[in-house]
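In order, the protein sequence lines correspond to chains A and B. Per this note's numbering, residue 1 is the first one in the first sequence, and the count goes up by one each step. Per this note's numbering, residue 1001 is the first one in the second sequence, and the count goes up by one each step. Data block below; observations after.
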Amino acid sequence: MTVVRRIGTALIAPLIAIVIAVVISAGVMLILGVDPLEALSVMFDFGDDPVQQITSMVTVLNRAVPLFLAGIAVAIAFRAGLFNIGVEGQYRLATVVAAGIGAMVTLPAPLHVVLVMVVAMTVGGIWAGIVAVLKVTRGVSEVISSIMLNTIALGLASFLLTGPFLGSEPGASIIRTETLPESAWMPSLDGLLGGLGLELPRRPLYGFLVIAVVIGVVAWVVLQRTRFGFDLRASGLNASAASASGVDAKRMVLKTMLISGAVAGLIGLPDLLGRNHNYNTDFTSGLGFLGIAVALLGRNSPIGIAVAALFYAFLDRASAPLQAADIPSTVVQIMQGTILLAVVVANELARRLARRRAEQANRQGDGAPPVIDPGAATAQPAGVGGPAPATATTDGGGTP
Amino acid sequence: MTESAPLAVELRKVTKRFPGVVANRDIDLRVRRGEVHAIVGENGAGKSTLMKTLYGMHRPDEGQILVDGREIVLRSPNDAIAAGIGMVHQHFMLADNFTVLENVVLGQEPRRGPRLDRAEARRRIREISDAYAFGIDPDALVEDLGVGDRQRVEIAKVLYRGARILILDEPTAVLVPQEVDELFANLAELKREGLTVIFISHKLDEVRKVADSITVIRRGTTVGEADPRTTTARQLAEMMVGSELPTPETRESTVREAAALVVSEVTVHAPDGRALVDDVSFTVHEGEVVGIAGVEGNGQSELVDAIMGLRPLVAGSVRLGTHDVSAWSTRRRRESGLAFIPEDRHRQGMLLDASLWENRVLGHQTQAPSVRGPFIDRRGARADTARIMREYDVRAPSPDTPAVALSGGNQQKLIVGREMSGRPRLLIAAHPTRGVDVGAQAKIWELLRQARAEGLGIVLISADLDELIGLSDSLAVMLRGRIVATLDPTGITPEELGGHMTGGRGGTTAPGATPAGATRAGGGVAS
Chain A
1 MTVVRRIGTA LIAPLIAIVI AVVISAGVML ILGVDPLEAL SVMFDFGDDP VQQITSMVTV
61 LNRAVPLFLA GIAVAIAFRA GLFNIGVEGQ YRLATVVAAG IGAMVTLPAP LHVVLVMVVA
121 MTVGGIWAGI VAVLKVTRGV SEVISSIMLN TIALGLASFL LTGPFLGSEP GASIIRTETL
181 PESAWMPSLD GLLGGLGLEL PRRPLYGFLV IAVVIGVVAW VVLQRTRFGF DLRASGLNAS
241 AASASGVDAK RMVLKTMLIS GAVAGLIGLP DLLGRNHNYN TDFTSGLGFL GIAVALLGRN
301 SPIGIAVAAL FYAFLDRASA PLQAADIPST VVQIMQGTIL LAVVVANELA RRLARRRAEQ
361 ANRQGDGAPP VIDPGAATAQ PAGVGGPAPA TATTDGGGTP
Chain B
1001 MTESAPLAVE LRKVTKRFPG VVANRDIDLR VRRGEVHAIV GENGAGKSTL MKTLYGMHRP
1061 DEGQILVDGR EIVLRSPNDA IAAGIGMVHQ HFMLADNFTV LENVVLGQEP RRGPRLDRAE
1121 ARRRIREISD AYAFGIDPDA LVEDLGVGDR QRVEIAKVLY RGARILILDE PTAVLVPQEV
1181 DELFANLAEL KREGLTVIFI SHKLDEVRKV ADSITVIRRG TTVGEADPRT TTARQLAEMM
1241 VGSELPTPET RESTVREAAA LVVSEVTVHA PDGRALVDDV SFTVHEGEVV GIAGVEGNGQ
1301 SELVDAIMGL RPLVAGSVRL GTHDVSAWST RRRRESGLAF IPEDRHRQGM LLDASLWENR
1361 VLGHQTQAPS VRGPFIDRRG ARADTARIMR EYDVRAPSPD TPAVALSGGN QQKLIVGREM
1421 SGRPRLLIAA HPTRGVDVGA QAKIWELLRQ ARAEGLGIVL ISADLDELIG LSDSLAVMLR
1481 GRIVATLDPT GITPEELGGH MTGGRGGTTA PGATPAGATR AGGGVAS
């Protein structure tokens, strides 16, 4: 199979899903008396002058970063055959603890950021680890326990916010943690935009973008190229075969959930370190659940997740201009919902298509002597994944 | 009786193409009314395509289908049922938590008003059961029935729908010898009532025993008819594979002094505390094949899991060579030379959606040439997969082909090749030739013999008694978790062995049934 064909096969499901979702959404808009074309043009309208345009793009990118991390967290578990529905609780709890502890210490700048990250990853990992321990020792389904732990995590986060980590005056309208000292702020990438000869946006481009790209590349390398990643994927593809091959199923569940939770712990940090600098009652919520959608749409591959995250972020940015144009912004939610449904269907269709194609290709080869050419076989698209997440995140956002 | 009476089923020049491949080409089939007609051929020869054509699951591109002398067009299985053709699938399609009655009438319920007319259904099922001596109780729960009874329920289901022509797809694959005899008695009843049976199989002895005529299929086309009274199993096998089979080699013992595996007093419990494996002890020496016989579900799978380290031992120990491995992880056992051909390759042996080379890595994730340090050695694994494909005749376009695209025989050969790499000391082979064709079977047997000669110890578990008797140096019979007999395979017949397996000593004797050399023939069959 050629590289083009492989990529084509990978793209076909999400494309079908998006087309179906657009058609359904257009239908819903017509019923609501909204002109779908007008809505579409509003969604694609990034502004009139360069500053507005670059600001819109930065908004999309800034939203895509946490969505990408959420997608990766979900996908890592999913690759091992585990449904981590608890990403939401993991990142909320991780963010509030990281914000609280980060505000209590004084450290030189880079170390301070690192400390906040380590705390967030640890808390996310521990919270996900509870799910793993329950599954391994008591056989509790991770779906059930992670959903229930979400509720507990949100309650716990509220308690921490109003209790030990409370930083706002009593009676303030927004309850928040103590603001992080400046040494814990993540520098923006605006300098980079300036260096590219672009206008400066009205909002800073999150420096966390770099970390997200690194996480994406590392996740890809670990999953696709290492022994550990092989064991993890084998567990997801066929748990019994993985055990028979020598994978310790219990340990694999534990490790996978710890890693997934640790990545989940990072989801809140782009906003925390790049903009808010404290955790408050208005802090972005729902990213964990969106992460499930992003991972599904991106078919659990880092590159796909990057594209899906950008797409969801693009839809997300569109709600404000839609409202301004007197179009209900729920149109965006309808689209996000229908895409999710369509993607589940389309993934299954694409899987069957790929299977059938492979079977046919083989039936042609059957009876003929086996074609064995290790040289040709190794000429696989080995380089496709390495740098691609990076380019996907930076390029993809600039052009729609 | 030939020209006057129209044939029950006749196919003329039936051809079925799939994109890029001709699955059936110029198939001619003549099935007389009231006979048992066997269709034999290797896996992948096109038997199932042909049966799907006859059962209306797809339409042929060319050719005619005649039932009772009239040409018919089958657009769906419903058309086939209307034409009196019924199919009993190899894998039972029964709802376990339903009664026999409910299963049989499902989809064609006799009604009184809006309700199921149980009395009428019961009457009709009794009628069928009595007419063909099935002895099935309409009110029994299917989950309480044995395999043989379930099969009779499946046949009753088809008869209930008015079938006069029955297609049985590999009906004996799941049965022990005694059950096979019962099935054949049932088929005789069906025949006596004037029904026609089309019997698909690749077990040649059985075919010769039960069939009135035989059609052989090879590479998608019919190569001829054979008379079971005058054709030997060996001749049939040669027709199937299209070449002469080598004679079974005479066997000399290769058993050495050193023990490869010592299982002592091993006990394994179910979660509810029942003993699944009960105080089992045996030793496998280097170069020795120890066969474990037993009706499925008598603790063999659990014993295998215990040796592999997939189930905890309640008591006893497992020694691999000189090491006590009872406390070792599965991975450590594998690293020290334990190889495993699982009974269900799709469940325990393969990652179906992954490529062949990834399947080569499976089970060898810590060993060269699959890995280099913490990384998977993709180049090394691909090259070694290519070697396995070459040496073990795995037919696939490349090491990057997904495993799901391969036929069962090719998947199995890949597994055998994979498990043989890295010079294992002990191999657990559970049903190593299940569901593979004659060519692949002979090849796998040959490989096992070779490995045995080189000093590999083998634990062989199989439902194919000829295979067990033919390959093993000693035989242990498992019944309800215990080893109830240790036998010398020389001179024992499958019937005697079957008797031990079911708890009776002597076993029933079936006159004229000799274990045929042809199905046991070793050596590489060119195919």
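Ideal placement from N, C-alpha and C gives every residue a C-beta, glycine not left out.
Any C-beta of chain A under 7 angstroms from that of residue i
| i | result |
| --- | --- |
| B/Gly1297 | no |
| B/Pro1060 | no |
| B/Val1040 | no |
| B/Arg1418 | no |
| B/Ala1082 | no |
| B/Ile1376 | yes |
| B/Leu1101 | no |
| B/Val1197 | no |
Below-7 angstroms beta-carbon distance, residue i vs any chain B residue
| i | result |
| --- | --- |
| A/Leu353 | no |
| A/Ala244 | yes |
| A/Thr226 | yes |
| A/Phe230 | yes |
| A/Leu254 | no |
| A/Asn300 | no |
| A/Leu408 | One cannot answer for residue 408 of chain A here, as it falls past the ends of chain A, which runs 1 to 400. |
| A/Ala94 | no |
| A/Ala13 | no |
| A/Ala241 | yes |
| A/Ala234 | yes |
Beta-carbon proximity list for residue i, same chain, < 6 angstroms, skipping 5 on both sides
| i | result |
| --- | --- |
| A/Val253 | Ala132, Lys135 and Val136 |
| B/Arg1482 | Asp1278 |
| B/Ala1080 | Tyr1055, Gly1056 and Leu1074 |
| A/Ala94 | Ala120, Val123, Gly124 and Gly265 |
| B/Glu1010 | Arg1030 and Leu1066 |
Beta-carbon proximity list for residue i, same chain, < 8 angstroms, skipping 5 on both sides
| i | result |
| --- | --- |
| B/Pro1110 | Leu1116, Asp1117, Glu1120, Ala1121 and Arg1124 |
| A/Gly298 | Pro14, Gly71, Ala75, Gly304, Ile305, Ala306, Val307, Ala308 and Ala309 |
| B/Arg1112 | Glu1120 |
Length of the line joining the Cα atoms of residue i and residue j
| i | j | result |
| --- | --- | --- |
| A/Leu37 | A/Glu348 | 30 angstroms |
| A/Ala382 | A/Gln336 | With a pLDDT of 34 at A/Ala382, under the threshold of 50, the predicted position of this residue should be treated as unreliable, and no value is reported. |
| B/Pro1494 | A/Pro14 | 56 angstroms |
| B/Glu1343 | A/Ala320 | 59 angstroms |
| A/Met257 | B/Asp1384 | 33 angstroms |
| B/Ala1451 | B/Arg1423 | 9 angstroms |
| B/Ser1421 | A/Leu82 | 32 angstroms |
| B/Val1371 | B/Gln1365 | 7 angstroms |
| B/Glu1302 | A/Gly27 | 57 angstroms |
| A/Val247 | B/Ala1226 | 51 angstroms |
| A/Gly125 | A/Ile259 | 6 angstroms |
| B/Leu1338 | A/Ala109 | 54 angstroms |
For residue i: DSSP bridge partner residues
| i | result |
| --- | --- |
| B/Gln1064 | B/Arg1012 |
| B/Ala1403 | B/Ala1403 pairs with nothing; no bridge assigned. |
| B/Ile1458 | B/Val1289 and B/Leu1427 |
| B/Thr1283 | B/Val1262 |
| A/Phe311 | Partner(s): none; A/Phe311 has no beta bridge. |
| B/Gly1085 | Correcting the residue identity first, residue 1085 of chain B is Ile in this sequence and not Gly. According to DSSP, B/Ile1085 bridges with B/Ile1165. |
| A/Ile175 | BP columns for A/Ile175 are empty, so no partner. |
| B/Arg1030 | B/Glu1010 |
| B/Glu1302 | DSSP output for B/Glu1302 lists no bridge partner at all. |
Cutoff 7 angstroms; reference residue i; Cβ partners in own chain excluding five residues on either side
| i | result |
| --- | --- |
| A/Phe208 | Val65, Met186, Leu269, Pro270, Leu273 and Gly274 |
| A/Thr162 | Ile175 |
| B/Glu1265 | Asp1279, Ser1281, Ala1315 and Gly1316 |
Run of the alpha helix (DSSP H) containing residue i, from where it starts to where it stops
| i | result |
| --- | --- |
| B/Gly1470 | Leu1465 to Leu1471 |
| B/Ala1226 | Looking at the DSSP string, B/Ala1226 is not in any alpha helix (DSSP H); the run it does join, the beta strand (DSSP E), is Thr1221 to Ala1226. |
beta-carbon residue i near the ligand NAD non-hydrogen atom, thresh 6 angstroms
| i | result |
| --- | --- |
| B/Val1436 | By its list of ligands, the structure shown contains no ligand whatsoever, and the ligand NAD lies outside what it can speak to. |
Residue i, enclosing beta strand (DSSP E) - first and last residue
| i | result |
| --- | --- |
| B/Phe1199 | Thr1196 to Ser1201 |
| B/Phe1340 | Leu1338 to Ile1341 |
| B/Val1317 | Inspection of the sequence shows that residue 1317 of chain B is occupied by Ser rather than by Val. Note, B/Ser1317: beta strand (DSSP E), Ala1315 to Leu1320. |
| B/Met1093 | Note, B/Met1093: premise wrong, no beta strand (DSSP E); not H, not E. |
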